[in-house]
Amino acid sequence: MVDFQELWEQVQEKLNDLIEQSKEWPDIAREYFTNLSRMEMYVWAGFGLGFVLFIVGFFVWL
């Protein structure tokens, strides 16, 4: 028989680890995006614009 109490404790432990790790992500992202070169900025802007246009086009097509 599966011990759900033990399983739940393991899930909570994993979630707490993920939450602890995720506190560093904004700092990592801020550091990365503040050190972008002009070319990288254009690439990311292109991806973002392309994604937005894809979503809009998809809903227009529907």
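Each residue of the sequence shown is one higher than the last, beginning at 206 in our numbering. No residue lacks a Cβ here, since even glycine has one placed at the ideal position from N, Cα and C. As the structure is a prediction and not an experimental result, all values here were calculated from the model.
Simplified DSSP assignment, three categories, for residue i
i, result
"V216", "helix"
"L267", "coil"
"K207", "Position check: residue 207 holds Val in this sequence, whereas Lys was assumed. Correct three-state label for V207: coil."
"E236", "helix"
"S242", "coil"
"E225", "helix"
Cutoff 8 Å; reference residue i; Cβ partners in own chain excluding five residues on either side
i, result
"I260", "none"
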